[in-house]
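Novice: Structure below; questions to follow.
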Amino acid sequence: NRGFFLIGNMVRASVLNDALKCLHNAEKRGKRQVMIRPSSKVVVKFLQVMMNHGYIGEFEIVDDHRSGKIVVELNGRLNKCGVISPRFDIAHNEYEQWVADLLPSRQFGHIVVTTSQGIMDHEEARKRHAGGKVLGFFY
1063 NRGFFLIGNM
1073 VRASVLNDAL
1083 KCLHNAEKRG
1093 KRQVMIRPSS
1103 KVVVKFLQVM
1113 MNHGYIGEFE
1123 IVDDHRSGKI
1133 VVELNGRLNK
1143 CGVISPRFDI
1153 AHNEYEQWVA
1163 DLLPSRQFGH
1173 IVVTTSQGIM
1183 DHEEARKRHA
1193 GGKVLGFFY
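Put into C-alpha cells, the structure is as follows:
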C-alpha cells in the first residue's frame, strides 16, 4: 500500500507578502531588476511609496490579461522590506511606538499605512493626522 500524495499549487496567502519577498530576495542577490507576479492595486501603491523615497527605481506594469506582472528596477538601496500581518489598527498618535518597534533607527526607514486618504508612509499620515492600518515597512 503506497500513500497517495496530492501535488498542487500552494495557496497564495498574501500577494503583497510575495511581492516584497521577491524584491528582498532579488536585492540580496544583487539583481538589477525583478519581476513580480501577480500584481494588485495595493502592491502598486506600496511600490509607488518606495519609489518616491528612492528605495527602488522605476517600475512597469505588464498587462498579460491575467493577474498582471510588474517589472521593478532595483538600485541597491533596499536593505529589508516586509509585511505586517495581521494589518493592525494604528492611531495617529501611535506612529512613534511603531517606528521604534519596526525600524532600525529614527533617521531612516518607513512604515506604510493604509488610511482613508489612501496608502502612504507614516510621516505623511502623521502630517495629515490620519490613522489607519499597518501594511508593511521598508528600510
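So the mapping is simple: the working numbering equals the position in the sequence shown, first residue as 1, plus 1062.
Don't be surprised by glycine CBs; every beta carbon is placed ideally from N, CA and C.
Bear in mind the structure is a predicted one, so any value in this text is a computation, not a measurement.
1. Which same chain residues end up closer than 7 Å to ARG1190 when comparing Cβ atoms and leaving out the 5 residues on each side of it in sequence?
2. Measure the Cβ-Cβ separation of ILE1098 and VAL1134 and say whether it is below 8 Å.
3. Below 8 Å on the Cβ atoms is my contact criterion, and I expect LEU1136 with ARG1074 to pass it. Report the Cβ-Cβ distance as a whole number of Å.
4. Quick one: using the 10 Å Cβ neighbour count with 16 as the cut-off for buried, is GLY1194 buried or exposed?
5. Could you tell me which of VAL1104, VAL1111, ILE1152, VAL1096 sits nearest to SER1132, measuring between CA atoms?
6. DSSP beta-bridge partners for VAL1105?
7. With distances taken from CA atoms, which of CYS1143, CYS1084, SER1129 is nearest VAL1111?
8. Just verifying my parser: in three-state terms, what is the DSSP assignment at HIS1172?
9. From PRO1100, PHE1199, HIS1086, ARG1091, pick the residue whose C-alpha is nearest to that of SER1147; which is it?
10. Just the C-alpha distance for LEU1078 and LEU1085, rounded to the nearest angstrom, thanks.
11. Quick one: complete alpha helix (DSSP H) runs, 4+ long, within the stretch 1078-1132?
12. What is the residue span of the beta strand (DSSP E) that LYS1189 lies within?
13. Suppose the cutoff is 6 Å on Cβ atoms and the five residues either side in sequence are ignored; what does the same chain contact list for SER1102 look like?
14. Cβ of LEU1197 within 8 Å of Cβ of PHE1121?
Specialist: Inspection of the coordinates gives the following:
1. GLN1179
2. yes
3. About 23 Å; that fails the 8 Å criterion.
4. Counting the other CB atoms within 10 Å of its CB gives GLY1194 a total of 16 or more, which places it among the buried residues.
5. This sequence places Ile at residue 1132; Ser is not what is there. Nearest option by C-alpha distance: VAL1096.
6. Answer is none; VAL1105 lacks a bridge partner.
7. Its Cα nearest to that of VAL1111, the residue CYS1143 stands out among CYS1143, CYS1084, SER1129.
8. Reduced to three states, the DSSP call for HIS1172 is strand.
9. PHE1199
10. 11 Å
11. 1103-1114
12. First-last for LYS1189: 1184-1189, but that is the alpha helix (DSSP H), not the beta strand (DSSP E).
13. VAL1077
14. no
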